[in-house]
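Structure, as structure tokens:
Chains as they are written, first to last, in my numbering: chain A, 1 to 418; chain B, 1001 to 1418.
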């Protein structure tokens, strides 16, 4: 049994499969007889010395995490400043790591989390504390650099494509006397990955979604409305998928219904579909419905992609292996080796190449007219939503999700007043 | 082979399983060697003589309808007036029925559709035209009289309960530093059946949804906000499920309050969840997210309840049997004979007892404080969401839904100018 403790924490927006990664981390660590602590609510749990003894979780609960959405240990939105600015915070963190003999730190999150993991690795080096830091990828936004795709995205993509296909059948049936336009709002602040995934719901120009609005393209209301009109005239109805982050030519977000900013300083969005629906109704006089699935799209474990679950578990296992091998400041990433048949492997990428970089969607993924996806996008996206991995259901007709017992680790330090 | 034609049509808002009923109608009619025509877009297809020869559909397509959401033949929102007012319309309808030797008419819908079926039966009697009219139940609103439950409701209920359970795991993980309140808007203008179904997602008072808002209770904003505050203080986060039809003491729909002007000066379409989220944010200063699944909740065939699919098919088969037996002006309804084990049978109810009646939720289903469901509600609801009946999925990761070829029947009459 290797001496020392592995600390695992979850960060940023959770996904349908981040717990599958946690499950794989715990299973791999058990197989290697490594003790695992989990920090509650991400890096904040480490700072607060709010730790859970994950090695004591019943194996049944560990396995059940693989089919449970949400973040079993709690997540957080908290970005560490640089070593100078946040000196006290870093000192405290080092105290906690020392107190619990943490030798490996796995931080499971997106861009900001990779940045945090990188900073913690620099902190350890600056203080000569022997620590291996691994970033573990996760985000429905699919915007991490280096990796071909991000665990969490495939399931949200599948949810989006399936939901849009289903809603389109509904609208098609109602269009003669009722709803003619349906607007579906997809997550995606800066990159239209999830909106693009909706494109998988149809094939030809008359299939839904007939219009996709990407944040990568300037939103031109007049052109959009003219297109809606054309589609309704031709098909009888129109399904629009709008990315939450679309902006007009002057750089303003089309809708900012949530107002305010989140803890990372990002604009808090959420009202694009309602706005577009209003415009369709007022300007075109068409009956319109809209959907805002919000968290439903990133927590729909019942509709997870098997590819996504497999990759989420693979990066978890690899993260433990990389940690124990001392591959400091790296992230296990997915490399695609073939589109058809779809093949992928796990590789190690330097955290420096991941942290604070944002992968945008290739320009070649958006159709020339700006309202749909290309064959190249389809080749990229389709394998990611492939395969089903439904959770077990109980006699009550609901998925058997678990909330694992959280055995707190006794504190060894005074309270943190940060 | 019985002489004459059976005419089937779909009406009102479609569901995840109305096509399962259609599939059962077509299969039962084939077994009895009865020719079936389907009217496109409900009763309007009958008036327009826009008919599909459903007997010519490939059997594979007929079977696949059982796992396809939406309305395969198109639906409509169109209510017939009384015989005097709509005399010309009724004369035309009779002409079409005669021209195609229609002897059995099956109208698959909700309250209004039962009313239409009843009117058509009276029309036939008034003109001595031999016609058996059957209403076939369908509605996610679960508000039809006589029947214990309505095909379509169980699947929407399952979607709602599962979605709320999943979103709650997300919120629980984020609450420490981010979203503390989540509002999920459920369909239900007059009765809170779907909002009640969300109650199946949890058991104890700390489980989500901690607060359900029913249209059966007056919405008191101050009391609601105080409750949100209490739940957040106690649990750390709060999931609210709001029925779209909640009203304040003066009778105004809360959803109307949402319809102001957006930042661009355009009309902002309303929504209960958006409004409540805004109030939680402004009055309590809590970070809030909200979801409006809209059509997604009634077309989510991927998450259908097996009980619901079974019942949808059973009423379809029974409708054909009742029609051929000449049980005019009836509807096959579901009678519950036992809660545990759950048992049900199909019976015939007079359309007069169904048409234009609306079944409200029993007062004993809502908890005394008005924010949750009782054990009695749970006993009623739980069997309806039980069992899974997933559609087959393709290699592309999406459900194999079908759009059956629509073989038009040659017209025998002049165009209708109604």
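Glycine residues also receive a C-beta, built at the ideal position from the N, C-alpha and C atoms.
* Asked: Nearest-angstrom Cα distance between residue 1160 of chain B and residue 1195 of chain B?
  -> Numbered from its first residue, the second chain carries residue 1160 of chain B at position 160. Numbered from its first residue, the second chain carries residue 1195 of chain B at position 195. Taking the straight line joining both Cα atoms gives about 8 Å.
* **Of the listed residues B/1242, B/1342, B/1357, B/1223, nearest to residue 1283 of chain B (C-alpha basis)** => The residue labelled residue 1283 of chain B in the question sits at position 283 within the second chain. Checking every option, the nearest Cα to that of residue 1283 of chain B belongs to B/1223.
* Could you check what DSSP says for residue 1135 of chain B in three-state terms: helix, strand or coil? => Counting from 1 along the second chain, the entry for residue 1135 of chain B is found at position 135. Note: residue 1135 of chain B maps to strand in three-state DSSP.
* To do: In angstroms with no decimal places, state the Cα-to-Cα distance between residue 1157 of chain B and residue 1140 of chain B.
  => Translated into the one-based positions of the second chain, residue 1157 of chain B becomes position 157. Translated into the one-based positions of the second chain, residue 1140 of chain B becomes position 140. Using only the alpha carbons, I get a separation of about 8 Å.
* Asked: Can you tell which of B/1372, B/1045, B/1328, B/1333 has its C-alpha closest to the C-alpha of residue 177 of chain A?
  -> Taking the first chain and counting its residues from 1, the one referred to as residue 177 of chain A is at position 177. The option with the nearest alpha carbon to residue 177 of chain A is B/1045.
* Taking Cβ-Cβ distances below 9 Å as the criterion, which residues of the region 167-180 of chain A are in contact with chain B? -> 167, 168, 169, 170, 171, 172, 173, 174, 175, 176, 177, 178, 179
* Pick helix, strand or coil for residue 1350 of chain B, following the three-state DSSP scheme. => Looking up residue 1350 of chain B in the second chain gives position 350. Correct three-state label for residue 1350 of chain B: strand.
* **Proximity to residue 1026 of chain B [Cα-Cα], best of B/1218, B/1375, B/1106** => Along the second chain, read from residue 1 onward, the residue named residue 1026 of chain B stands at position 26. Looking at the Cα atoms, B/1106 is the closest of the given residues.
* Asked: Which residues of chain B have a Cβ atom closer than 8 Å to the Cβ of residue 365 of chain A, listed in chain order?
  -> Residue numbering aside, residue 365 of chain A sits at position 365 when the first chain is read from its first letter. Under the 8 Å cutoff, chain B gives no residues; its nearest Cβ is about 17 Å from residue 365 of chain A.
* Environment of residue 1180 of chain B [buried if 16+ CB atoms lie within 10 Å] -> For the purposes of this step, residue 1180 of chain B is taken as residue 180 along the second chain, with counting starting at 1. With 16 or more Cβ atoms within 10 Å of its Cβ, residue 1180 of chain B is classed as buried.
* Asked: Exposed or buried, residue 507 of chain A, counting other C-beta atoms within 10 Å across all chains shown (16 or more means buried)?
  -> Residue numbering for chain A in the displayed model covers 1 to 418; residue 507 of chain A lies beyond these limits and cannot be assessed.
* To do: Assign residue 1377 of chain B to one of three DSSP states: helix, strand, or coil.
  => Against the second chain, residue 1377 of chain B aligns to sequence position 377. Here residue 1377 of chain B sits in helix by DSSP.
* **Inter-residue spacing [alpha-carbon to alpha-carbon] between residue 202 of chain A and residue 165 of chain A** => Stepping through the first chain from its first residue, residue 202 of chain A is reached at position 202. Stepping through the first chain from its first residue, residue 165 of chain A is reached at position 165. Residue 202 of chain A and residue 165 of chain A: Cα-Cα distance of roughly 7 Å.
* Less than 8 Å between the CB atoms is what I'm expecting for residue 1037 of chain B and residue 1418 of chain B, so what's the real figure, rounded? => Here residue 1037 of chain B refers to the residue found at position 37 when the second chain is read from its first residue. Here residue 1418 of chain B refers to the residue found at position 418 when the second chain is read from its first residue. Incorrect: roughly 20 Å between the Cβ atoms, too far for contact.
* Could you tell me the distance, in whole angstroms, from the CA atom of residue 1186 of chain B to the CA atom of residue 1275 of chain B? => Taking the first residue of the second chain as 1, we reach residue 1186 of chain B at position 186. Taking the first residue of the second chain as 1, we reach residue 1275 of chain B at position 275. Computed Cα separation, rounded: 14 Å.
* CB contact below 8 Å: residue 1163 of chain B versus chain A -> Here residue 1163 of chain B corresponds to residue number 163 of the second chain, with the count starting at 1. Yes, residue 1163 of chain B counts as interfacial toward chain A.
* Determine the burial state of residue 68 of chain A: buried for a count of at least 16 other Cβ atoms within 10 Å of its Cβ, exposed for fewer. => To locate residue 68 of chain A, count along the first chain from 1; it is residue 68. Residue 68 of chain A comes out buried.
* Go through its chain and collect everything with a Cβ distance to residue 1320 of chain B's Cβ below 6 Å, but skip five positions before and after it. => Counting from one through the second chain, the residue named residue 1320 of chain B turns up at place 320. Correct list, in chain order: 1025, 1028, 1029.
* Near-chain B residues of the region 68-80 of chain A (beta-carbon distance less than 9 Å), N- to C-terminal order -> 68, 69, 70, 71, 72, 73, 74, 75, 76, 77, 78
* Beta-carbon of residue 292 of chain A versus every beta-carbon of chain B: anything under 8 Å? -> If you number the first chain from 1, residue 292 of chain A lands on position 292. True, the Cβ-Cβ gap to chain B drops below 8 Å.
* Who are the near neighbours of residue 99 of chain A in its chain, counting only those whose CB is closer than 6 Å to its CB and skipping five residues on each side? -> Taking the first residue of the first chain as position 1, residue 99 of chain A is located at position 99. Once the five neighbours on either side are set aside, the close Cβ partners of residue 99 of chain A are 412, 413.
* Asked: So which residues of chain B does residue 158 of chain A contact, with C-beta pairs closer than 9 Å?
  -> On the first chain, position 158 is the one that residue 158 of chain A refers to. Near residue 158 of chain A (Cβ distances below 9 Å), the residues of chain B are 1397, 1398.
* Using the C-alpha atoms, what's the distance from residue 1365 of chain B back to residue 1342 of chain B? -> For this step, residue 1342 of chain B is matched to residue 342 along the second chain. For this step, residue 1365 of chain B is matched to residue 365 along the second chain. Going from the Cα of residue 1342 of chain B to the Cα of residue 1365 of chain B covers about 18 Å.
* Separation of residue 374 of chain A from residue 1357 of chain B, as counted between CA atoms -> Locating residue 1357 of chain B in the second chain gives position 357, counting from the first residue. Locating residue 374 of chain A in the first chain gives position 374, counting from the first residue. In a straight line, the C-alpha of residue 1357 of chain B is about 51 Å away from that of residue 374 of chain A.
* Identify, in the order they occur along the chain, each residue of the same chain with its Cβ nearer than 8 Å to the Cβ of residue 352 of chain A, setting aside the five sequence neighbours on each side. => The residue labelled residue 352 of chain A in the question sits at position 352 within the first chain. Cβ within range, chain order: 118, 329.
* Name, please, each residue of chain B whose Cβ falls closer than 7 Å to the Cβ of residue 300 of chain A. => Residue 300 of chain A sits at position 300 when you count from the first residue of the first chain. Neighbours of residue 300 of chain A on chain B, chain order: 1166.
* Tell me which same chain residues have a C-beta within less than 8 Å of the C-beta of residue 229 of chain A, skipping the five on either side of it? -> Walking along the first chain from the start, residue 229 of chain A turns up at place 229. Closer than 8 Å at Cβ, skipping near neighbours: 284.
* For the candidate residues B/1299, B/1383, B/1378, whose alpha-carbon lies nearest to that of residue 1390 of chain B? -> Locating residue 1390 of chain B in the second chain gives position 390, counting from the first residue. The option with the nearest alpha carbon to residue 1390 of chain B is B/1299.
* **Neighbourhood of residue 318 of chain A by C-beta, 7 Å cutoff - its chain only, sequence neighbours within 5 removed** => As a working note, residue 318 of chain A is residue 318 in the first chain. Cβ neighbours of residue 318 of chain A beyond the five flanking positions: 332, 346.
* Per-residue DSSP class, three states only, for residue 187 of chain A -> For the purposes of this step, residue 187 of chain A is taken as the residue at position 187 of the first chain. Correct three-state label for residue 187 of chain A: coil.
* Keeping to the same chain, check which residues put their C-beta closer than 6 Å to that of residue 1249 of chain B; ignore five residues upstream and five downstream. => As a position in the second chain, residue 1249 of chain B is number 249, starting the count at 1. Once the five neighbours on either side are set aside, the close Cβ partners of residue 1249 of chain B are 1218.
* Residues in its own chain within less than 8 Å of residue 1291 of chain B by CB, not counting five upstream and five downstream? -> Taking the first residue of the second chain as 1, we reach residue 1291 of chain B at position 291. Excluding positions up to five away in sequence, the list reads 1163, 1167, 1182, 1183, 1184, 1185, 1273.
* **Sequence-distant residues of its chain with Cβ nearer than 6 Å to residue 150 of chain A (five each side left out)** => Your numbering for residue 150 of chain A matches position 150 in the first chain. 137, 139, 142, 144, listed in sequence order.
* To do: Give the DSSP-derived three-state secondary structure of residue 7 of chain A in the structure shown.
  => For the purposes of this step, residue 7 of chain A is taken as residue 7 along the first chain, with counting starting at 1. DSSP places residue 7 of chain A in strand when its eight states are reduced to three.
* Let me know if residue 394 of chain A comes out buried or exposed under the rule of 16 or more other beta-carbons within 10 Å of its beta-carbon. => Taking the first residue of the first chain as position 1, residue 394 of chain A is located at position 394. That one is exposed.
* Does the Cβ-Cβ distance between residue 1169 of chain B and residue 370 of chain A come in under 8 Å? -> The residue labelled residue 1169 of chain B in the question sits at position 169 within the second chain. The residue labelled residue 370 of chain A in the question sits at position 370 within the first chain. No, the pair does not count as a contact, with Cβ atoms beyond the cut-off.
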